[in-house]
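Novice: Under the numbering used here, the first residue of the sequence shown carries the number 7, and numbering increases by one thereafter. Ideal Cβ positions, reconstructed from N, Cα and C, are used throughout, including at glycine. This is the structure I have questions about; it appears just below.
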Amino acid sequence: KCADVHSEAKTKGDVVEKEVDVAGLPKTEPVYYTDTKLTECKSKIIKIIGNYVVLDKTVFYPTGGGQQHDNGTLGSAKVVDVVKVKGIILHEVESTAGLKVGQIVEGKIDAGRRKRLARNHDSAHMLVGASRAILGKHIWQAGSHIEPEKGRLDITHYQNLTEAEKLEIEKLANKIISEKRKITKTLMPRNEAEEKYGFLLYQGGAVPGKHLRVVNIENFDTEACGGTHNTNTSEIEQIKILKTEKIQDGVIRLVFVAGKDLIVTKELDEKGLLENTLNVLAKFGVKGKTADIGELGAASQVFKVKLEDLPKTFERFFSEMKDNRERIEDLEKSLGQKPEGGEALLVKELNSAQDLSVVARVVFEHWKGQGKRIEQMESQLAAKRADILLATAKKIGSADVVITEEGSFELAIKIANAIIGKNKEALAIISSVDKSLAAAGEKCKIDCVKVLQSLVVDAKVNGNAKRAIGIGEIKLNEKEIIEKIKAYSR
Ligand SMILES: [Zn+2]
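Structure representation (structure tokens):
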């Protein structure tokens with residue numbers, strides 16, 4: 007039996023194992039182990055369990071060893087997932103209609119998907135070999151994940167790769183590709199394999215089984231692996247490392263892609279993304295910047311967004327900063343403060359920033375600073391408004407009632423808080439656009455919910471005796487409001 011290696015997370019097989027009883031079924035012959043170029047194969051249906059079809063032999067690679075499964079068709083049925091449970095390969099089909107136990111059926115895999123998976127899996131092995139050659143013998147594979155569109159490889163290394171190391175590794179891997187080295191897969195007894203290749207075979211940890219499937223890239227890398235590999239490095243065409251990052255202490259992740267078609271698409275994507283980002287910056291007065299994809303990555307990390315979301319994130323921050331600026335100017339006027347300005351300075355700072363990640367950080371800090379400033383000024387304004395309003399409060403019983411209208415509901419809340427903070431007998435009734443609120447000081451005995459319910463027609467009022475919010479505006483004048491409150495406090 008040949009085992010899978012390099013697996014990291016729980017596969018779907020682990021989950022399916024609990025649901026599907028495969029006891030007594032013969033192990034499926036994995037045709038893909040011996041011939042990875044075969045894309046079609048006639049097989050006999052052994053059993054159908056729910057939407058899972060079991061065959062005597064198969065060309066379909068099941069998810070495992072960090073590599074994703076093949077897709078394709080079984081007769082006219084579409085195969086959407088393939089998992090392996092205790093050596094039995096389960097083909098999940100969309101529908102089992104037309105499939106019968108005992109029937110001979112033609113299995114066909116999606117050859118394009120297999121090709122991309124094989125290239126990316128080859129590349130994972132190539133990059134282990136290249137990393138060890140460039141960085142040193144301490145490099146081991148700590149995990150890998152192979153998808154059709156990209157692959158990732160985790161290696162044991164203490165710090166993230168420098169740009170130079172990354173390029174050197176990529177260059178060496180591409181040199182091995184150009185040398186057209188053979189990739190062989192040999193099933194061999196465990197002790198023989200260990201004697202020949204040593205413990206480097208066990209990249210992903212211990213491998214069970216008396217036999218190992220050894221994948222060997224001629225004079226470059228040897229690993230025990232069950233994946234679908236090509237037969238020559240030239241078939242990989244080209245490898246590109248998209249990014250590297252430290253994912254935990256002592257583990258560095260390489261994200262890569264193989265095959266010229268995928269790399270070309272990727273580079274076009276990157277070029278477009280770069281252009282879009284620089285266009286957004288230029289629109290807001292930050293001009294003449296250049297950047298590479300690495301800087302884009304660093305900038306996107308500042309905002310904690312995906313790389314492809316960077317242009318619209320910059321756009322959003324710039325537009326929010328503009329709104330904030332207007333709000334600050336209004337507040338400065340209301341508070342009688344001298345305008346702080348500083349926008350021209352900001353643009354100057356952004357224009358002199360060395361790279362995009364610095365631009366991103368300056369933008370982010372500025373935006374954060376504006377938020378704090380607005381918060382602070384609104385509290386100041388609220389305190390000032392509270393003083394003015396309390397000076398003209400109406401006495402109803404022992405309560406000091408303040409009735410007012412405010413343009414912003416957020417400010418209304420702050421004013422209400424300031425009023426009841428300053429005067430424990432206060433009752434604040436504030437109307438704002440389509441909402442209204444009531445807040446009562448510690449010693450005030452008037453029930454806010456009841457009061458608001460009487461003031462707003464058909465109101466939906468939420469809250470408690472001390473604080474309530476009503477959806478809907480108060481359409482009464484001050485005199486009418488006072489009459490209503492008097493009715494309650496009596
Ligand atoms: Zn492998």
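What residues in its chain sit with their C-beta under 8 angstroms from that of His75, if we drop five residues either side in the sequence?
Specialist: Counting only Cβ-Cβ distances below 8 angstroms, and skipping sequence neighbours, we find Phe66, Tyr67, Pro68, Thr69, Asp87, Val88 and Val89.
Novice: Comparing alpha-carbon positions, which option in Thr398, Ile54, Ile245 and Asn470 lies nearest Glu484?
Specialist: Answer by Cα proximity: Thr398.
Novice: Considering just the uninterrupted stretch of the alpha helix (DSSP H) at Asp128, what are its terminal residues?
Specialist: Start and end: Ala117 to Leu141.
Novice: If you measure from each residue's Cβ to the nearest non-hydrogen atom of ligand 1, which ones come out under 5 angstroms, in chain order?
Specialist: Result (chain order): Cys231 and Gly233.
Novice: Between Cys454, Val407, Gly71 and Ala418, which lies nearest to Ile488 when the distance is taken from Cα to Cα?
Specialist: When each option's Cα is compared against that of Ile488, the closest is Val407.
Novice: Please report the Cβ distance between Ile54 and Leu61, rounded to the nearest whole angstrom; I am assuming they are in contact, meaning their Cβ atoms lie under 8 angstroms.
Specialist: Not really, about 10 angstroms apart at Cβ, beyond 8 angstroms.
Novice: Taking all protein chains shown into account, do 16 or more other C-beta atoms lie within 10 angstroms of the C-beta of Gly93, making it buried, or fewer, making it exposed?
Specialist: Gly93 comes out exposed.
Novice: How far does the beta strand (DSSP E) with Tyr164 in it reach, from first residue to last?
Specialist: Unbroken run through Tyr164: none, as it is neither H nor E.
Novice: Count the other CB atoms within 10 Å of the CB of Asp20; is the residue buried (16 or more) or exposed (fewer)?
Specialist: Exposed is the call here.
Novice: Given 8 angstroms as the limit, is there contact between the stretch 283 to 291 and the stretch 234 to 252, that is, 3 or more CB pairs closer than that?
Specialist: Counting Cβ pairs under 8 angstroms, fewer than three are found: no touch.
Novice: Can you give the Cα-Cα distance for Lys143 and Leu44, rounded to whole angstroms?
Specialist: Taking the straight line from one Cα to the other gives about 36 angstroms.
Novice: Whether or not the stretch 368 to 381 and the stretch 449 to 458 are in contact is what I'm after, with contact meaning three or more pairs of Cβ atoms, one per stretch, closer than 8 angstroms; do they touch?
Specialist: At 8 angstroms Cβ cutoff, the stretches do not touch.
Novice: In or out: Glu25 buried (at least 16 other Cβ within 10 Å) or exposed?
Specialist: The residue is exposed, with fewer than 16 neighbouring Cβ atoms inside 10 Å.
Novice: Below 8 angstroms on the Cβ atoms is my guess for Asn180 versus Gln244; work out the distance and round it to an integer in Å.
Specialist: Asn180 to Gln244, Cβ: 6 angstroms. Contact.
Novice: Residue range of the beta strand (DSSP E) that Arg3 falls in?
Specialist: There is no way to answer for residue 3, as the model of the chain reaches only from 7 to 496.
Novice: Which runs of the alpha helix (DSSP H) fall wholly inside the stretch 25 to 67 and span at least 4 residues, in chain order?
Specialist: As far as the stretch 25 to 67 is concerned, its whole alpha helix (DSSP H) runs of at least 4 residues are 37 to 40.
Novice: Okay, do the stretch 271 to 279 and the stretch 127 to 146 touch, 3+ Cβ pairs below 8 angstroms being the bar?
Specialist: Output reads no: the stretch 127 to 146 does not touch the stretch 271 to 279.
Novice: Give me the Cβ distance between Gln376 and Met327, rounded to the nearest whole Å; I'm assuming they're in contact under 8 angstroms.
Specialist: About 6 angstroms; that satisfies the 8 angstroms criterion.
Novice: Once you ignore the five residues that flank Asn225 on each side, which residues in its own chain have a CB closer than 6 angstroms to its CB?
Specialist: Nothing meets the Cβ criterion.
Novice: What ranges does the beta strand (DSSP E) occupy inside the stretch 252 to 278, keeping only unbroken runs of at least 3 residues that lie completely in it?
Specialist: The qualifying runs are 257 to 264.
Novice: To which residues of the same chain is Gly234 closer than 6 angstroms at the C-beta, ignoring the five residues directly before and after it?
Specialist: Contrary to the premise, residue 234 reads as Thr rather than Gly in this sequence. Excluding residues within five positions, the ones whose Cβ falls inside 6 angstroms are Tyr38, Thr42, Tyr67 and Ala124.
Novice: Helix or strand or just coil, what does DSSP make of Gly93?
Specialist: If DSSP states are grouped into helix, strand and coil, Gly93 belongs with coil.
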